[in-house]
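Below: the structure, in structure tokens.
Numbering (my numbering), first residue to last: 22 to 598.
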């Protein structure tokens, strides 16, 4: 049976297929990056059963995966499609327990469970989108991993229901895990953290939807982010707000999102939302790839891999055509360029990946290779290094690619049949730390990103610069002509992200086109901070410098022993004769 016929049989609910075929298709689609938001369960083909469908709104509870000290836990309660299946919220109860304290006092003593009643009165919900943030104040001495269950009692018609953390069918309903940190994020003056690839509820279609924009601001601030980019899919932004199966010539959804971003930027001091778009466009082979476009004032159409017209996958624009449309202040980054396309996405959606030839365009600002796991992170890093050694002045950024997903990632793997959960792509887990001159605002942040003054991190922070003999200063992203100078590095971590284990400064020789180690350290007198002052090498004429720091965590993560990492953008040096 052809793979397309097999997939259609699955979508049509054919339960006579052998389990082996189901396992193969499940594994293929599980590898996919296609269905990765909060899961939409109400869409189904006409006359086709769905194992995920139920006559209730989707009900989801979410919370940040980490919080700084003395911060109330924001619990996001989110209902979708209550206009189709109205309900009444009766009670919201939160049960919290410190399950893995940083400093256990007595391992034999039982850890208490605290209970909070959060809903003051019953509330009828009959809107397409309804959300509320309810706050829980945990004891100040609770440090470590807290386990939180959000129990929601509700009525649909005359029937009473209760769900824990969500009402999806076939998932774990496991507790939310929130790390209550004993310290703030590692800090150096003028650095601000943000997530440059995430999706709002403007991304909403047959299988997925994102989080409300205003809720994202509240949960971002709670976990010490100062900005994020709203990069919704181009093929969702051109839909009617009330019908994701039809395109809207007036682009009301896109215009509404721009207006909401402007309003929230005006009302939230010291926080910036970057207007953006994840544009689907054509690579050199005519395959659909994804493009992060930030701070561009116009919508760019891209629907080749939208699945709105099956097997009609020709891109609307090429990479070069998209770049030619951009205003000078717009930013363009290749999204997850090293992630290989699963077979079904390639076959049915015409998707491909970014080759080195696609990354040669001079207007391209950089790459966002850090969001999809260690394998693709390493492959993306190697791709970026190859471009740097070719002489490209190209910057890197980080982003989670979160579609909601503050605490747990829920994904449809087999349409209408199966869902899975994991803890990747969590909002704010992959951060860009931007060095901003002066006050944080939209213009100063855009200027920092245009200049490449940013460090990528999921833990430690690196401040990296060069001081010249006459007192000049070059930061990440700068080009410098000088007769000498001092390299200045300041690496900072915390107990949450682990002790410093490895620091390296790389030198990229642009004449020999090779990258070698200039400085390396693995022993640190101070566990969470290390400073380096090093003279510029005198035996190279044209090169770049970049730095890297790795920490080693102990038992402070879900994946025990996992390391954290920071990468800087380069400083380009030309020896002055």
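Quick reminder that beta carbons are idealized off the backbone N, C-alpha and C, glycines included. This structure is a prediction, so every number in the text was calculated from the model and none was measured.
- Around the beta carbon of residue 364, a 10 Å sphere encloses fewer than 16 other beta carbons of the protein chains shown; the residue is thus reported as exposed.
- For the 8 Å CB-CB criterion, residue 148 and residue 223 do not form a contact.
- Residue state for residue 273 is assigned as helix, using DSSP reduced to three classes.
- The C-beta distance from residue 152 to residue 236 rounds to 6 Å, short enough to meet the 8 Å contact threshold.
- In this structure, residue 367 and residue 256 do not form a Cβ contact; the two beta carbons are roughly 17 Å apart against a cut-off of 8 Å.
- By the beta-carbon neighbour count (other beta carbons within 10 angstroms, threshold 16), residue 331 is exposed.
- Bounds of the alpha helix (DSSP H) holding residue 342 are 340-346.
- Taken through DSSP and simplified to helix, strand or coil, residue 296 comes out as strand.
- Per DSSP, reduced to three states, the secondary structure at residue 471 is helical.
- Taking C-beta separations shorter than 6 Å and ignoring five residues to either side along the sequence, the partners of residue 428 in its chain run 83, 84, 86, 197, following chain order.
- Contact annotation: residue 174 and residue 112 have beta-carbon atoms nearer than 8 Å.
- Non-local beta-carbon contacts of residue 289 in its own chain, meaning distances under 7 Å to residues more than five positions away in sequence, involve 238 in chain order.
- Judged by their CB atoms, residue 473 and residue 509 are not nearer to each other than the 8 Å cut-off.
- Residue environment for residue 554: exposed (fewer than 16 other C-beta atoms within 10 angstroms of its C-beta).
- According to DSSP, residue pairing for residue 388 in a beta bridge involves 355, 417.
- In this structure, residue 140 sits away from residue 203, with a CB-CB distance that is not shorter than 8 Å.
- Counting only residues of its own chain and dropping the five nearest sequence neighbours on each side, residue 286 has a CB closer than 7 Å to the CB of 293, 294, 463.
- Nearest C-alpha to residue 485 among 356, 449, 517, 527: 527.
- Straight across, the Cα-Cα distance linking residue 588 with residue 456 is about 14 Å.
- Along the length of the stretch 479-549, whole beta strand (DSSP E) runs at least 3 residues long occupy 482-488, 494-496, 500-503, 507-513, 520-530, 535-542, reported in chain order.
- Comparing alpha-carbon positions, the option among 500, 534, 549, 502 lying closest to residue 511 turns out to be 549.
- Per DSSP, the beta-bridge partners of residue 122 are 165.
- DSSP places residue 584 inside the beta strand (DSSP E), whose first and last residues are 584-589.
- In its chain, beyond the 5 residues on either side, 243 have a beta carbon closer than 7 Å to the beta carbon of residue 92.
- Residue pairing of residue 221 in beta bridges, as defined by DSSP: 232.
- Across the structure, residue 369 and residue 134 are spaced so that their CA atoms are roughly 49 Å apart.
- Across the structure, residue 426 and residue 500 are spaced so that their CA atoms are roughly 38 Å apart.
- In the three-state reduction of the DSSP assignment, residue 177 falls in the strand class.
- Cβ-Cβ separation between residue 110 and residue 157: approximately 17 Å, too far for a contact (criterion under 8 Å).
- Residue pairing of residue 153 in beta bridges, as defined by DSSP: 98.
- Rounded to whole angstroms, the separation of the alpha carbons of residue 322 and residue 311 is 12 Å.
- Residue 370 carries a helical assignment under DSSP once its states are collapsed to helix, strand and coil.
- Residues of the same chain with a CB within less than 7 Å of the CB of residue 269, apart from the 5 flanking positions on each side, are 259, 260, 261 in chain order.
- In the DSSP annotation of this structure, the continuous segment of the beta strand (DSSP E) that includes residue 456 starts and ends at 452-456.
- As the crow flies, the alpha-carbon of residue 505 is around 14 Å from that of residue 566.
- Residue 185 and residue 195 have their C-alpha atoms spaced approximately 8 Å apart.
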